[in-house]
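Below is one structure, written out as structure tokens; comments come after it.
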Amino acid sequence: MTLYPAIDLKDGKAVRLTKGLMESAKIYSDEPYELVKKFEEMGAKWVHLVDLNGAFAGEPKNLEQIIKIRKNSNVKLELGGGIRDEETIQKMLDIGIDRIILGSIAVKNPQFVKDMAAKYPIAVGIDAIDGYVAVEGWGEVSTMLATDLAKEFANAGVEAIICTDVGKDGTLSGVNVEFTLDIARASGISTIASGGVKDEGDIEALIATGEVDGVIIGKAYYEGRLDLPKMFKLVD
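At position 52 of the sequence shown the residue is numbered 193 (this note's numbering), and the sequence of numbers has no breaks.
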């Protein structure tokens, strides 16, 4: 089990949202790179970055901070938010991002994602509201079931699927273990849980499945609900 401390970037700051609503943003740091350094000291091997402005704009918008994070840390970084063409993928890899997360484009053009996964380290972000895929920074809900989208990428060379239950994201109401398992089983791909993690029990429940490879941790850490150094020791 890999723990992915999460940093959501909005206007150059590290924030957390509730249920993906931009107006719910709570600022946790004016210097996100300092958070990444702290995560690294705690034992993080990966950090999960989301460019929130980019997710809505359809192109990266927090490049200055992303570059600063890369220059000031040795952890592996995965990045999502507004990455929708090969040129942007190459640009992000060139600045040192280790894995690219493709979300909205995976619904609209799954073949593009498969083509990119054949060439680059790609994760697919599947975000769902009531089981249906949400796109465009969660501003729209499609008619596609999340599990059907997961099946689309079985044997496609994708490194991982990051599945988020949007209704739980940022709510500290508990991770949706069943949804995560549904995605893992539908895809057969390494699956990372996201959304709603509230405490140590959630992480233990995911570990107990034996089928989930990672979990993204956000508000539970920022709000002091989770002893992150202890969790890194638990999964080592």
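Beta carbons: idealized from backbone N, C-alpha and C, even for Gly.
Predicted, not measured: the structure shown is a model, and the values here were computed from it.
The beta strand (DSSP E) spanning PRO146 covers which residue range? For the purposes of this step, residue 146 is identified with residue 5 of the sequence shown, where counting begins at 1. Taken as a continuous stretch (DSSP letters only), the beta strand (DSSP E) holding PRO146 covers 143-151.
Entirely enclosed beta strand (DSSP E) segments - the segment 184-267, minimum 3 residues: 187-192, 217-221, 240-243
Rounded to the nearest angstrom, how far is the Cβ of GLN206 from that of LEU150, given a contact under 8 Å? On the sequence shown, position 65 is the one that residue 206 refers to. On the sequence shown, position 9 is the one that residue 150 refers to. Right, their Cβ atoms sit about 6 Å apart.
ASP382 classed as buried or exposed, judged by whether at least 16 other C-beta atoms fall within 10 angstroms: The question about residue 382 has no answer here: the residues shown for the chain are numbered 142 through 377.
LYS309 classed as buried or exposed, judged by whether at least 16 other C-beta atoms fall within 10 angstroms: The residue labelled residue 309 in the question sits at position 168 within the sequence shown. Its Cβ being crowded by 16 or more others within 10 Å, LYS309 is buried.
From what residue to what residue does the beta strand (DSSP E) around GLY355 run? Translated into positions along the sequence shown, residue 355 becomes position 214. Start and end: 355-358.
Would you list the residues sitting across from ASP306 in a DSSP beta bridge? Within the sequence shown, the letter at position 165 stands for residue 306. Per DSSP, ALA269.
7 Å Cβ shell around SER361 - same chain, five flanking residues per side excluded: What you label residue 361 is simply residue 220 of the sequence shown in a count that begins at 1. Looking at the sequence provided, one finds Ala at residue 361 rather than Ser. So the qualifying residues of the chain are LEU313, VAL338, LYS339, ASP340, LEU367.
Beta-carbon separation (whole angstroms), ARG225 vs ILE242, contact threshold 8 Å: Position 84 of the sequence shown, counted from the start, is the residue given in the question as residue 225. Position 101 of the sequence shown, counted from the start, is the residue given in the question as residue 242. Contact doesn't hold; Cβ gap of about 11 Å is too wide.
Let's test the definition: count the other Cβ atoms within 10 Å of the Cβ of GLU219 and tell me whether it reaches 16, buried, or not, exposed. As a first step, residue 219 must be located in the sequence shown, where it is residue number 78. Label assigned to GLU219: buried.
Checking 8 Å against the spacing of the C-beta atoms, do ILE263 and VAL318 come in under that value? Locating residue 263 in the sequence shown gives position 122, counting from the first residue. Locating residue 318 in the sequence shown gives position 177, counting from the first residue. No, these two residues do not count as a Cβ contact at 8 Å.
Out of ILE168, LYS160, VAL216, VAL156, state which residue places its alpha-carbon closest to the alpha-carbon of PHE180. To locate residue 180, count along the sequence shown from 1; it is residue 39. Here the closest residue by C-alpha is VAL216.
Kindly indicate which residue of GLY365, ARG326, ALA155 has the alpha-carbon position closest to the one of PRO173. Translated into positions along the sequence shown, residue 173 becomes position 32. Of the listed residues, the one whose Cα sits closest to PRO173 is ALA155.
Please say whether THR143 and GLY355 have beta carbons closer to each other than 8 Å? Position 214 of the sequence shown, counted from the start, is the residue given in the question as residue 355. Position 2 of the sequence shown, counted from the start, is the residue given in the question as residue 143. Yes, the pair counts as a contact, with Cβ atoms nearer than the cut-off.
Residues sharing a beta bridge with ILE333, DSSP: The sequence position of residue 333 within the sequence shown is 192, counting from 1. According to DSSP, ILE333 bridges with ILE303, GLY355.
Determine which residues share a DSSP beta bridge with LEU162 and list them. Here residue 162 refers to the residue found at position 21 of the sequence shown. Looking at the DSSP assignment, LEU162 forms a beta bridge with THR159.
Identify, in the order they occur along the chain, each residue of the same chain with its Cβ nearer than 6 Å to the Cβ of VAL177, setting aside the five sequence neighbours on each side. Numbered from its first residue, the sequence shown carries residue 177 at position 36. So the qualifying residues of the chain are VAL188, ILE210, SER214.
Since SER276 contacts VAL248 with CB under 8 Å, what's their CB separation in whole angstroms? By one-based count along the sequence shown, residue 276 stands at place 135. By one-based count along the sequence shown, residue 248 stands at place 107. The residue you asked about is not Ser; residue 276 is Val in the sequence shown. Their Cβ separation, rounded to whole angstroms, is 5 Å, which keeps VAL276 and VAL248 in contact under 8 Å.
What is the DSSP secondary structure of VAL177, reduced to helix, strand or coil? Reading the sequence shown from its first residue, position 36 is the one you call residue 177. In this structure, VAL177 counts as helix in the three-state DSSP scheme.
Can you grab the Cα-Cα spacing for the pair LYS212 / PRO370, in whole Å? One-based indexing of the sequence shown puts residue 212 at position 71. One-based indexing of the sequence shown puts residue 370 at position 229. Between LYS212 and PRO370, the C-alpha separation is close to 23 Å.
Name the DSSP beta bridge partners of VAL276, please? Translated into the one-based positions of the sequence shown, residue 276 becomes position 135. DSSP output for VAL276 lists GLU281 as bridge partner(s).
Between the Cα of ILE267 and the Cα atoms of ALA259, LYS260, SER328, THR229, which residue gives the shortest distance? Here residue 267 refers to the residue found at position 126 when the sequence shown is read from its first residue. Comparing Cα positions, the closest option is SER328.
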